[in-house]
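Working notes, beginning with the structure itself.
Number of protein chains: 4
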Amino acid sequence: MKWVNDKAEDVKIAYIGGGSRGWAWGLMSDLAVTEDMCGTVALYDIDKDAAQKNEVIGNKVKELKDCRAAWNYQAVDTLAKALTGADFVVISIMPGTFDEMEIDVHMPEKYGIYQSVGDTSGPGGIMRALRCLPMFEGFAAAIKEYCPNAWVINYTNPMSVCVRTLYRVFPQIKAFGCCHEVFGTQKLLANIVGEVCGLNAVPREDIKVNVLGVNHFTWINQAHYRNWDLMPIYREAAEKSQHDDSPANTDENWMNKHFTSKEKVKFDLFLRFGSIAAAGDRHLAEFCPGKWYLKDPETVTNWGFSITPVAWRKEQLKERLDRSERLYRGEENFELQNTGEEGVKQMRALLGLEDLVTNVNIPNYGQIPNLPMGAIVETNAHFCADSVRPVMAGELPAPIYPLISRILGEQEILVDAVLTRDLNQAFEAFLMDPNMGLPLTEARELFQAMVEGTKSYLGVYL
Amino acid sequence: MKWVNDKAEDVKIAYIGGGSRGWAWGLMSDLAVTEDMCGTVALYDIDKDAAQKNEVIGNKVKELKDCRAAWNYQAVDTLAKALTGADFVVISIMPGTFDEMEIDVHMPEKYGIYQSVGDTSGPGGIMRALRCLPMFEGFAAAIKEYCPNAWVINYTNPMSVCVRTLYRVFPQIKAFGCCHEVFGTQKLLANIVGEVCGLNAVPREDIKVNVLGVNHFTWINQAHYRNWDLMPIYREAAEKSQHDDSPANTDENWMNKHFTSKEKVKFDLFLRFGSIAAAGDRHLAEFCPGKWYLKDPETVTNWGFSITPVAWRKEQLKERLDRSERLYRGEENFELQNTGEEGVKQMRALLGLEDLVTNVNIPNYGQIPNLPMGAIVETNAHFCADSVRPVMAGELPAPIYPLISRILGEQEILVDAVLTRDLNQAFEAFLMDPNMGLPLTEARELFQAMVEGTKSYLGVYL
Amino acid sequence: MKWVNDKAEDVKIAYIGGGSRGWAWGLMSDLAVTEDMCGTVALYDIDKDAAQKNEVIGNKVKELKDCRAAWNYQAVDTLAKALTGADFVVISIMPGTFDEMEIDVHMPEKYGIYQSVGDTSGPGGIMRALRCLPMFEGFAAAIKEYCPNAWVINYTNPMSVCVRTLYRVFPQIKAFGCCHEVFGTQKLLANIVGEVCGLNAVPREDIKVNVLGVNHFTWINQAHYRNWDLMPIYREAAEKSQHDDSPANTDENWMNKHFTSKEKVKFDLFLRFGSIAAAGDRHLAEFCPGKWYLKDPETVTNWGFSITPVAWRKEQLKERLDRSERLYRGEENFELQNTGEEGVKQMRALLGLEDLVTNVNIPNYGQIPNLPMGAIVETNAHFCADSVRPVMAGELPAPIYPLISRILGEQEILVDAVLTRDLNQAFEAFLMDPNMGLPLTEARELFQAMVEGTKSYLGVYL
Amino acid sequence: MKWVNDKAEDVKIAYIGGGSRGWAWGLMSDLAVTEDMCGTVALYDIDKDAAQKNEVIGNKVKELKDCRAAWNYQAVDTLAKALTGADFVVISIMPGTFDEMEIDVHMPEKYGIYQSVGDTSGPGGIMRALRCLPMFEGFAAAIKEYCPNAWVINYTNPMSVCVRTLYRVFPQIKAFGCCHEVFGTQKLLANIVGEVCGLNAVPREDIKVNVLGVNHFTWINQAHYRNWDLMPIYREAAEKSQHDDSPANTDENWMNKHFTSKEKVKFDLFLRFGSIAAAGDRHLAEFCPGKWYLKDPETVTNWGFSITPVAWRKEQLKERLDRSERLYRGEENFELQNTGEEGVKQMRALLGLEDLVTNVNIPNYGQIPNLPMGAIVETNAHFCADSVRPVMAGELPAPIYPLISRILGEQEILVDAVLTRDLNQAFEAFLMDPNMGLPLTEARELFQAMVEGTKSYLGVYL
């Protein structure tokens, strides 16, 4: 890259998973509306056709009238080509297909284990990690070889173990993981503040939070708008939520439709533990002992959230494929707008264009002193010129410490298992998961069936 | 106390729970065979009659021909009298009666939760803690007032939270908790060494171990006899154990009757996690997810250990009461001998008479760097003149980290709950326990029933 | 305070040292040009007359045409009145008079010890601390009583020990210390970047630095403009500086007059230690062994900086007193402008009006892991709504570790000495100072003479 | 090695510096009186003749009537031969000759820098390290290759940086450094106890101490005999010492000749800092700012210790050479006796024959939490079967923290300098030493002269 006046030109972004029909289009949009950067996005995907379609789609963007920065998109054949010369690497892949994910999410249901998402922890998240992490070993090795100084942004789940794998393989990597779940909780807080104080449109960025925990099970133990402590206000909302017996599938009747879910899990966790759980209820439930919020479909309904069936994802994929075709053929154009994701903001900060403090997943250097060093934790960090440094989040409060420390421990066992290709150790992680209440024999039966069912992606272990 | 030549005279030991019909007699025996100390043992017990009987029993000891040190025993009415002037304080109490313990252990069985001991963790251990810890608050306050420089030895269960409470109330207290479970594992190792190497009577003290973990769920990650690494030998024994399908209730057929249990849980944990679990199987099972080894009575039998019914304890208490009578009336005498407990050895070390390195429960000052500071951990420590300092045990190995960190976290929530008299927080500890797989509603139902059933000892919360 | 739309009104600032004829006027100016805050500044000073003059001066500000926020200034008699209801507390005092400072700075010269400033460390800084810290004990106690939730900004030197004393007396205090020395180094870097890259007017805020160390001996181990690593550029400037033999008292001939000193100490430290020392040379020299840069006046001259004589300060005070009179009588008005100090920016951030990441002096919570916890260190911190959290600065690099760790150790001895009113311990701090090369006897002689000479302010020890 | 009953046979000890005419003979004696070990000592020395003489001397030992264990001594040509198959490695070398040491110790005197020993820190210690550490790099690499599991005992000075170098080159090395200076302080305490309490011959091992610091500048902050706190007794002795104005060169008149020096430095440090400095005064003085106790020969005399001239060492070497001849020719025999060194005791402990807790120099794993991890610190450690684990010593007390942290920092700079062959960095260590008060120019002049004077041993840097 080079600087021309105050503008960064010839920036190179390597996009691993560049055939993506979601994140990739968001990035195209965010790049297009950012004035002070331009360059090339190299799209790498094992689905070459998808990458090539995105090349075409991306290159149309600069013709749109609202486009303020002309980026070139280029599908490339190899990881090496994508990474060589890259200033930034974006990783957003899908390990396996929705057929594998169907096994991840729904096979355990036969054993009475329900998963609302199934991509992070629990039996599903662990199987997904088994498919995914060996690829991340490859990415880390390639980054070390081709662009060791590039900044690497991961969006792939299971987030924490993906980022941990990058650092285990290449400790000097400049990688971090991004997730918008905390933003959702900030929006919830902004809505509550709005309600209570009669303010309109409080921006979520103005809700200042201290973030600590692990991705998708992140917590907030300090929240302010202006210098107002939001904890008492949140407590009121939580208490009100307890008395809400409205049907689960209607968003109409509570707090002016601001919420896409009823947030009852989130509020319950607050009333029990005193800190704000900062992710969607579907994620939060999966990190708790399985019988709490995911006992059975009825329990889930009563808690006002839902299990996302993989059939729905398959359906939705078809729509995205259709849209891909339309975009590819020019039958549809993006509406260029900021997506609310922060990847491009982070790139700008790393180029020195504007500071940013936001939540991010990186190794623990002491930002949460009572968790193990090196574990991937989520806290705020300060992004500025070629630098991401965590903000000290402080100790995890006692009531949530055991919930989180055990997860980090389970993740470390899992990463060790993958790096040593040891399915027995992976099974130990499986057994320790909070959403795994099975006896040893049944657990092993389930694990083996899940391995068998997804074995076409598990060759390295077999 | 005072020194007369090389002998410590007028040593004062305050015994809280001095009516004990087990530990107290052991102490009498150990004191009687130790030549270089003598003095007074003040026996304090809420069961005054029991204390007075023990006064009589203790004072007979000095008449025995093998007695090498004449100690005076004196039942006292108040804690203040017991503690004033004490050099050592021994705490060994029973919180409540076996009726309460019956609820602790057996009421959860109605909900499918089985407990092999029920005095440490799990529903039973938590209820026991609710009864016990307020008393320990009182002990700590009284020690602070009457004998702040005394060394305090706790034998009471639940060990870790008892010791933690002492330190929370009086941070300068010189207290530690003692437990013989690790000794049992050393004996097992000694027996295995003996078997394998054709040696007779290897003393358990010669098995050198690095100890780390939490009481009753302590682990050994380094074990030697001479400079022989015992891990490979132990692995062989563990693998052999897997193929042992002999009936559970017969000790006759395996490894020359050295073992009182089949140690199958211990061996299984080793094969799964690579470290030696160093407590009896009945304790170990309770710290694991409930479905692993305690799913139901049949599972327990298959793993070669057993659930200790409280009815048995009641029966056994009668025998001890009978023996108490006989000792009291002089119809029976002790056979004086070393009990194998280390309390008196520790006192000698603290008086500067002989160094001792042994396992002990004290706050974490960094001896296990990846566990929270201040948590009560079990490691080796060096006892010498007026000093107990932990030996650096090193980091908890990754495979067992989540099992133990969550326990420490649960214990902290429990102690916080007791100190603030908050049964809701206590219920959160109850919910987080590994042997608690119930849905929220049933868990609450059980908790409330257990509180109700033991309420005569829970007045401070109600 | 209260919020009226997006504006904070009725904010109360307590100014301790409110008779100040420098910092106070700067604050008036910065407050006047800040639109979204207004309220009252309570001026407290032991020099009541000075406070009252500043009341008059401050209240004239709102009549100026550029004034954008009307603040009321009010001289108050007691600390209690100043602090009651305060949202912010500013501390900027002078402990003793310039007569005492004359002893601090110049009496050691008789023993061959030269000090370029004499207000931070060294014999002078230590004597100043002996006068100053007992007052800070009083401030901390009063803040605890009257406004425990207020944010406290200290500008007083010796900075680190002042802030340490606040935290030692009232550990929950929300205090931090501010200093502009790092800004000066950022300006130097901005100038160098400008020179080298042909850019005009690079703002110092755009120079992104990782700050770590102790106040007035702060270091930068990472510096960027945009994403350019400034270390190689700085090295070139440093190497060029070595060959600059121009006379010391002329700024004309080097790097276009950007520098008020020749920065030769700063550059030499960089070449020796590999990190950028981020304070004025006059401060830096005082933290190094005395014979390095402060051996004698000639050495000082050769290094291109100077010893500030207290006679000059006295002279300059007269000018400020004259100006005070003119401002008081309305014969002169402020030109309202941003002073470059960040106090008001920090207040805005703490009110939630705008985030700020800047360097600050607060206790070490692990932001510099290889320095003692609790010591007052200078690093970046994130200021936002009611929150100041350090950014992880990382370990102090090996080459500067011993220079800084010994200073923190010396400061702790000094603070202990003050809190226990123990001049013998204070003398040990005196002896350990890097700028103290005297034999024990002479050192004691000097110490006693300095105590004697300033004893009217040392009553608490005598 | 192998076990025959309870005896370790065929133990192999590699002795690097095996031509030694002091330590080697001590080892021979200690081995000869230890019943339960025997085997071979491989003597390696660059002075092959000396090694061969020691082979002959050593092999005569087994003929002595008091010899209880027959060891074979064998001079070997190469490090590889010495190390192959070794169970233990002993390192005791002299880097360079006394001609180099003459420069180390006496050349700085021309600049007013006096050194009482000159082998640890200060200009002399640093030059010695420059000669010595590259050899230690070689030892570490060879141990890694030939006997990675051997236990390595270092006696060579400068101790801390030698051990640090071993760990920097081969982090898995099982090495520790031994020094008897703490024993001397225990003896002093034993003597004081004896005096005060009228006891005879209190063994130094019965003085229980908590040890913390850096080799030759080690401190004791807790000392007991039996359970008596020795601090008040030591204080009395220290205060008495202040009033002792007897001539320095007479040991006759003070405390019954128990002391080989007047210990005035040690007592002074105690009165100033509250902890007991646990090394000979000649060592302690060198770690303090140079003007405290080493200002000039007269000051040294007044403090009751002395500068050891290298001429004396040369003289004494002649005597040892003569003795070597006599021993070699059989004109003189050892009197076999325990030397008081603990090397052989440590070997026995490592073989599992008997536990030992003693002071030792190993990396900081947290045994002193406020010092940098990895730095070589001296504390107690528990030696047992194949294991050396530090005992938690606790934080360095505030008054001595700066004295010690700066030394560790200086040592790290020095080791970095050696490993990178960077004399400029070595010069920075030289400049930071507490016994270096010179201006920069003179310091460089001295450094260069010392390098020049010892250059035949500094080829790797030149």
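Protein chains in written order, with this note's numbering: chain A, 1 to 462; chain B, 463 to 924; chain C, 925 to 1386; chain D, 1387 to 1848. Note that CB positions come from ideal geometry on N, CA and C, so glycine has one too.
Query: Backbone secondary structure at valine 1597(D) - three-state DSSP; Result: strand
Query: Residue range of the unbroken beta strand (DSSP E) whose run includes serine 1773(D); Result: 1773 to 1776
Query: 7 Å Cβ cut-off: residues of chain D touching asparagine 689(B); Result: Leu1736, Leu1737, Gly1738, Ala1771 and Asp1772
Query: Any C-beta of chain D under 8 Å from that of alanine 1399(C); Result: The first residue shown for chain C is 925 and the last is 1386, placing residue 1399(C) beyond what the model contains.
Query: Sequence-distant residues of its chain with Cβ nearer than 6 Å to arginine 313(A) (five each side left out); Result: Phe98
Query: Contact with chain D by glycine 828(B), beta-carbon distance below 8 Å; Result: yes
Query: Buried/exposed call for cysteine 1518(D), threshold 16 Cβ in 10 Å; Result: buried
Query: Close beta carbons around glutamate 445(A), own chain, < 6 Å, minus the five adjacent residues each side; Result: none
Query: Residue burial classification, serine 1632(D) (beta-carbon count within 10 angstroms, cutoff 16); Result: exposed
Query: Buried versus exposed call for serine 944(C) [16 or more other C-beta atoms within 10 Å across all chains shown]; Result: buried
Query: Per-residue DSSP class, three states only, for phenylalanine 383(A); Result: strand
Query: DSSP state of leucine 813(B) mapped onto helix, strand, coil; Result: coil
Query: Valine 1375(C) versus asparagine 1596(D) - alpha carbon distance; Result: 37 Å
Query: Distance, cysteine 1565(D) Cα to tryptophan 1409(D) Cα; Result: 12 Å
Query: Any 3 or more C-beta pairs closer than 8 Å across the segment 800 to 820 of chain B and the segment 1705 to 1720 of chain D; Result: no
Query: Cβ of isoleucine 1762(D) within 8 Å of any chain C Cβ; Result: no
Query: Three-state secondary structure assigned by DSSP to methionine 499(B); Result: strand
Query: Boundaries of the beta strand (DSSP E) in which phenylalanine 1603(D) is found, first to last residue; Result: 1603 to 1611
Query: Endpoints, alpha helix (DSSP H) assigned at valine 105(A); Result: 98 to 106
Query: Methionine 392(A) beta carbon less than 8 Å from that of glutamine 367(A); Result: yes
Query: Interface residues of chain C facing valine 357(A) [CB-CB closer than 8 Å]; Result: Asp1279, Val1281, His1306 and Cys1308
Query: Under 9 Å from the C-beta of lysine 1594(D): neighbouring residues of chain B; Result: Gly814, Asp817, Cys846, Ala847, Asp848 and Ser849
Query: Short Cβ contact (8 Å threshold) for glycine 1444(D) with methionine 1414(D); Result: yes
Query: Proximity to histidine 1610(D) [Cα-Cα], best of Leu1574(D), Val1600(D) and Val1696(D); Result: Leu1574(D)
Query: Glutamate 1395(D), enclosing beta strand (DSSP E) - first and last residue; Result: 1393 to 1402
Query: Range of the contiguous alpha helix (DSSP H) that encloses lysine 1677(D); Result: 1676 to 1679
Query: CB contact below 8 Å: tryptophan 219(A) versus chain B; Result: no
Query: Range covered by the alpha helix (DSSP H) that runs through isoleucine 654(B); Result: 643 to 659
Query: With 16 other Cβ atoms within 10 Å as the buried cut-off, status of glutamate 714(B); Result: Any reading at glutamate 714(B) must be qualified, since the residue scores a pLDDT of 47, below 50, and its modelled position is unreliable; no value is offered.
Query: DSSP state of lysine 527(B) mapped onto helix, strand, coil; Result: coil
Query: Where valine 1041(C) falls: helix, strand or coil (DSSP); Result: coil
Query: Assigned secondary structure, isoleucine 1443(D) (DSSP; H/G/I helix, E/B strand, else coil); Result: helix
Query: Distance CB(glycine 1377(C))-CB(methionine 1031(C)) smaller than 8 Å; Result: yes
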